[in-house]
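Position in the sequence shown (first residue = 1) + 13 = the numbering used here. This report refers to the structure that appears directly beneath it.
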Amino acid sequence: MSDSPATPRVTVPSVRSRKVRDGAEPLVMVTAYDAPGARMADEAGVDMILVGDSLAMVVLGYDDTLDVTIDDMAHHTAAVARAKPKPLIVGDLPWMSYHVSRSETVHNAAKLIRAGAQCVKLEGGRKRVPMIDALVDAEIPVMGHIGLTPQSVNAMGGFRVQAREREAAVRLIAAAKELQHAGCFAIVLEGIPDEVAALVTDALEIPTIGIGAGPRCDGQVLVMHDVLGIENRIAPKFVRRYADVKSTSVDALRAFAADVRGGEFPSSAESYHLSAEQAEQLSIYGSTHH
Ligand code: KIV
């Protein structure tokens, strides 16, 4: 995507029709949590920016995604939206924001839409259908998310690849069809075998977007901090790092610290100066006060 102001914004209907089997290019989605991240994703020409609840772990330092609130998500969605990026902004509904009632779900989703998201994402299969129904009824487009759903970490007993067994794979395909029927315009498939992701993708008219789900989805999503190597503490199998921003940043900060300690920063060129006359007046002032 170019920087041209003529480049149109990506819309929900344009994403809904992107099936690779119909000749479409794979969709590209990346997370962002602030305005600089949104500008980078925009300049790189991605199709969608996910303000993911991975915010909790990637930016806010929590161990899982369960601590992040709808207000945290709205705060970061607004920061992304202020960059006015062309990619579609997907606001992630955090845990407990869509589990209690249809009315609470719609009000919470509205917070993300009012913060600047064009649609929302939520995790789970069949049991989420009433909430998806309520959202679609309120004209809020919904992206589904099935497979390894990080908000279910306690129920799953950890972050584990899902749908390895036949019955679980069949259930996953059925869940995907139910989400599509409920009105989802796309579905994230996370942490499932490539073969199962291919079956789900084949079974749907709407696009699938994979993360740890192999290459046969209609698109791929990764966490920006993983792509850029902003953190290098953990490297899941499905992540490909395209940069080592952490090392580059630590080197740069070390160099800054060394320059300060060695008296080499700031230089005269990096400082503001008085005119000779102003300096003279000040030196008189200084001499009478010291
Ligand atoms: O929150 C997030 O970053 C996500 C992606 C991993 C799909 O949900």
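Where is the CB? At the ideal position from N, CA and C, for every residue including glycine. As the structure is a prediction and not an experimental result, all values here were calculated from the model.
With C-beta atoms as the reference, is residue i less than 8 Å away from residue j?
i, j, result
"leucine 63", "methionine 42", "yes"
"valine 59", "lysine 134", "no"
"alanine 123", "glycine 104", "no"
"glutamate 203", "isoleucine 219", "no"
"alanine 147", "valine 119", "yes"
"valine 209", "alanine 187", "no"
"valine 28", "leucine 40", "yes"
"alanine 96", "methionine 237", "no"
"aspartate 239", "valine 252", "yes"
"alanine 57", "alanine 94", "no"
"methionine 169", "cysteine 132", "no"
"aspartate 66", "proline 98", "no"
Less than 6 Å between C-beta atoms, sequence neighbours within five positions excluded: which residues of the same chain meet that for residue i?
i, result
"alanine 92", "Asp47 and Ala48"
"methionine 61", "Met42, Pro100, Leu101 and Val103"
"alanine 182", "Ala176 and Val209"
"tyrosine 285", "none"
"arginine 254", "Gly242"
Short of 7 Å in beta carbon distance, which residues of its chain neighbour residue i, apart from the five on each side in sequence? Order them along the chain.
i, result
"proline 163", "Asp77, Thr78 and Phe172"
"threonine 214", "Thr221, Arg229, Cys230 and Asp231"
"serine 296", "none"
"leucine 287", "Leu295"
Could you compute how far the alpha carbon of residue i sits from the alpha carbon of residue j?
i, j, result
"alanine 216", "glycine 138", "15 Å"
"lysine 190", "aspartate 272", "60 Å"
"histidine 303", "glutamate 293", "Because histidine 303 sits at a pLDDT of 46, beneath the cut-off of 50, its placement in the model cannot be relied upon, and the point is left open."
"leucine 192", "alanine 54", "28 Å"
"serine 260", "proline 249", "18 Å"
"methionine 109", "aspartate 80", "10 Å"
"threonine 301", "glutamate 290", "Residue placement at threonine 301 is flagged as unreliable, the pLDDT there being 48, under the threshold of 50; the coordinate-derived value follows with that caveat. About 17 Å."
"alanine 199", "isoleucine 205", "17 Å"
"cysteine 197", "arginine 31", "14 Å"
"threonine 82", "aspartate 150", "24 Å"
"phenylalanine 269", "glutamate 283", "14 Å"
"leucine 266", "glycine 275", "14 Å"
"alanine 51", "leucine 212", "33 Å"
"serine 114", "tyrosine 75", "26 Å"
"aspartate 264", "leucine 125", "37 Å"
"alanine 87", "proline 154", "17 Å"
"threonine 90", "aspartate 35", "32 Å"
"arginine 179", "isoleucine 247", "30 Å"
"alanine 144", "arginine 22", "Before going further, note that residue 144 is methionine rather than alanine in the sequence given. Rounded to whole angstroms, methionine 144 to arginine 22 spans 27 Å at the Cα level."
"serine 262", "asparagine 121", "37 Å"
"glutamate 152", "leucine 73", "31 Å"
"valine 33", "lysine 140", "28 Å"
If residue i and residue j are in contact, beta carbons under 8 Å, what's the gap, nearest whole angstrom?
i, j, result
"alanine 256", "leucine 241", "5 Å"
"leucine 161", "valine 174", "7 Å"
"glutamate 136", "histidine 158", "4 Å"
"alanine 195", "valine 234", "That belief does not hold up - the Cβ atoms of alanine 195 and valine 234 are roughly 21 Å apart, past 8 Å."
So if DSSP puts residue i in a beta bridge, which residue, or which two residues, is it bridged to?
i, result
"leucine 235", "Val43"
"valine 133", "Gly104 and Val155"
"leucine 63", "Thr44 and Val103"
"leucine 202", "Ile159 and Gly223"
Kindly list the residues whose CB is nearer than 8 Å to the CB of residue i, restricted to its own chain and excluding five residues on each side of it in sequence; keep chain order.
i, result
"glutamate 306", "An answer regarding residue 306 cannot be provided, because it is not within the stretch 14 to 303 covered by the chain."
"valine 244", "It should be noted that the sequence gives glutamate, not valine, for residue 244. Only Val71, His238 and Lys259 meet the Cβ criterion."
"glutamate 38", "Arg31"
"phenylalanine 278", "Phe269 and Asp272"
"aspartate 84", "Lys124"
"aspartate 207", "Ala226, Gly227, Pro228 and Arg229"
Taking 8 Å as the CB-CB cut-off, is residue i touching chain D?
i, result
"glutamine 164", "Note that chain D does not occur in the displayed structure, where there is just one protein chain."
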